[in-house]
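Colleague: Chains as they are written, first to last, in the numbering used here: chain A, 1 to 126; chain R, 1001 to 1219.
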Amino acid sequence: MRERTLDKGGTSMRLIDQADVQQRLDRLKDQDLYIHLEMTTGAYAAFIDSTKHPAATFITNAVIRYSHGSVSDQAPYRVGLKMVQGWVYSEGLTHYEEQETERLILAGHDGQGKLIVSLQLGREPF
Amino acid sequence: MERHILVVLPHPDDEAFGLSGTLAKYIQNGYRVTYACLTLGEMGRNMGIPPFANRVTLPAIRRKELEESCQAIGIDDLRLLGFHDKTIEFEDHRLLDGRIDDLIQEIRPSLIFTFYPGYSVHPDHDACGAAVIRTVGRLPADERPAVHCLAFAKNLEEDIGQPDVIQDVREFLQPKMASIRAHRSQFQAAELLGDHEYTSEEIRERFGTERFWTYPFGS
Ligand SMILES: [Zn+2]
């Protein structure tokens, strides 16, 4: 897995620093937030390996609020956000956008660098 | 202390393969068992083959299966703690440990069964075991019940050694197989084990022993 930049668009997706992500989760709790949550096996999953079942799902700019959010201790990371009436859960996260000050951008990339999962939280729509 | 056992596991069916025979044995020897199941396993991916459950109906189905399993084992005190599947590791420790402590104070068990934290593969298993160990660890040393842990991670014996509690449950394969079969949405393999076969040598060999690690608390 590459240590730093995943694309050349001026972002700096870095390997997740657990303590830093936990602090960011704490800063975003107890307020209305826009969420983007996505998971995909890639549209070509079944073409490349016929035993694989292609699946993808995303929800973008739904509004959530959580009272308790945590990230697991070890990579690949899991995040759980406890809401009044339910949970947001994501597994397989590897990278985060370190330069972001307002938003939390988390992503999980596989060994080829492809995006498998993403979880984003912000006060403005994505 | 009372002859009372507390079982704390996160999913309905966690008791079936590794613990049900031992519990049936304790119950026959006069112990009472309280089983606290943290979740309803509502995020499970097995829905039966062909699927007879879905995301909406799965929790109620698994609850029924768990009640049937408890009946088979002889457990008459099942507590459903209402946490959500896959979220135990994220729960507020105060809330989670507090619920477990309430049960310990109420029941005053002489023995607790749970998962060995760090060696139980599923994050809910590890987090459940960790919560029990934290809670019991806060009790004064002379009030601590023994904690016997289930564990099944690869290479675990290099770290935590051989299991020190070996239960011969060959006399309790009938309740054990009934417990496994009760979880019909989860274990299709159970259908292969017909009612009459639990005495066969292969099944006695495979299911006749349950292994536990006594958790080593410091002083
Ligand atoms: Zn389980």
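Using N, Cα and C, we set each Cβ at its ideal position, and we do this for glycine too.
Fair warning: this is a prediction, and the values are worked out from it, not measured in the lab.
Per DSSP, what kind of secondary structure is A:Val117 in: helix, strand or coil?
Modeller: What you label residue 117 of chain A is simply residue 117 of the first sequence in a count that begins at 1. Looking at A:Val117 - three-state DSSP - the assignment turns out to be strand.
Colleague: Taking a cut-off of 6 angstroms, which residues have a beta-carbon closer than that to any heavy atom of ligand 1, in chain order?
Modeller: Here the residues come out as R:Pro1010, R:His1011, R:Asp1014, R:His1122, R:His1125.
Colleague: Rounded to whole angstroms, what is the Cα-Cα separation between A:Ala45 and R:Ile1166?
Modeller: Residue mapping note: residue 45 of chain A aligns to position 45 of the first sequence, counting from 1. Residue mapping note: residue 1166 of chain R aligns to position 166 of the second sequence, counting from 1. Cα to Cα, A:Ala45 sits roughly 45 angstroms from R:Ile1166.
Colleague: Out of R:Val1033, R:Ile1100, R:Arg1003, R:Asn1029, state which residue places its alpha-carbon closest to the alpha-carbon of R:Glu1015.
Modeller: Sequence index remark: in the second sequence, residue 1015 of chain R carries index 15 (1-based). Residue R:Val1033 is the option with its Cα nearest to R:Glu1015.
Colleague: Could you check if R:His1084 is buried or exposed, using at least 16 other CB atoms within 10 Å of its CB as the buried criterion?
Modeller: In the second sequence, counting from the first residue as 1, residue 1084 of chain R sits at position 84. With 16 or more other Cβ atoms within 10 Å, it is buried.
Colleague: For R:Thr1114, which option in R:Gly1129, R:Arg1045, R:Pro1216 has the closest C-alpha, if you only look at C-alpha atoms?
Modeller: If you number the second sequence from 1, residue 1114 of chain R lands on position 114. Among R:Gly1129, R:Arg1045, R:Pro1216, the Cα nearest to that of R:Thr1114 belongs to R:Gly1129.
Colleague: With a threshold of 8 angstroms between beta-carbons, can A:Ser70 be considered close to chain R, or not?
Modeller: Locating residue 70 of chain A in the first sequence gives position 70, where the first residue counts as 1. Taking Cβ atoms only, chain R reaches closer than 8 angstroms to A:Ser70, which makes this a yes.
Colleague: Over the uninterrupted beta strand (DSSP E) stretch that includes R:Val1165, give me the two end residues.
Modeller: Here residue 1165 of chain R corresponds to residue number 165 of the second sequence, with the count starting at 1. Looking at the DSSP string, the run of the beta strand (DSSP E) that includes R:Val1165 is 1165-1168.
Colleague: Are the C-beta of A:Glu3 and some C-beta of chain R separated by less than 8 angstroms?
Modeller: One-based indexing of the first sequence puts residue 3 of chain A at position 3. Reliability of the predicted coordinates at A:Glu3 is poor, the pLDDT of 45 falling under 50, and the value obtained from them is presented with this limitation in mind. False, the Cβ-Cβ gap to chain R never drops below 8 angstroms.
Colleague: Between the segment 80-99 of chain A and chain R, which residues of the former have CB atoms less than 7 angstroms from a CB of the latter, in chain order?
Modeller: Gly80, Lys82, Trp87, Tyr89
Colleague: Residues of chain A with CB closer than 8 angstroms to the CB of R:His1084, please, in chain order.
Modeller: In the second sequence, counting from the first residue as 1, residue 1084 of chain R sits at position 84. Within 8 angstroms Cβ-Cβ: Gly86, Trp87.
Colleague: State yes or no: is the beta carbon of R:Phe1090 nearer than 8 angstroms to at least one beta carbon in chain A?
Modeller: Translated into the one-based positions of the second sequence, residue 1090 of chain R becomes position 90. Yes, contact with chain A.
Colleague: Strictly under 8 angstroms for the Cβ-Cβ distance: is A:Arg78 near chain R by that measure?
Modeller: One-based indexing of the first sequence puts residue 78 of chain A at position 78. So yes, A:Arg78 belongs to the interface.
Colleague: Distance cutoff 8 angstroms, beta carbons only. Does R:Pro1010 sit that close to anything in chain A?
Modeller: For the purposes of this step, residue 1010 of chain R is taken as residue 10 along the second sequence, with counting starting at 1. Chain A, which has no Cβ nearer than 8 angstroms to the Cβ of R:Pro1010, makes this no.
Colleague: What three-state label does DSSP hand R:Arg1055 in the structure shown?
Modeller: Taking the second sequence and counting its residues from 1, the one referred to as residue 1055 of chain R is at position 55. Note: R:Arg1055 maps to coil in three-state DSSP.
Colleague: Check whether the Cβ of R:Thr1087 lies closer than 8 angstroms to any Cβ atom in chain A.
Modeller: By one-based count along the second sequence, residue 1087 of chain R stands at place 87. It does: the Cβ of R:Thr1087 has a partner Cβ on chain A nearer than 8 angstroms.
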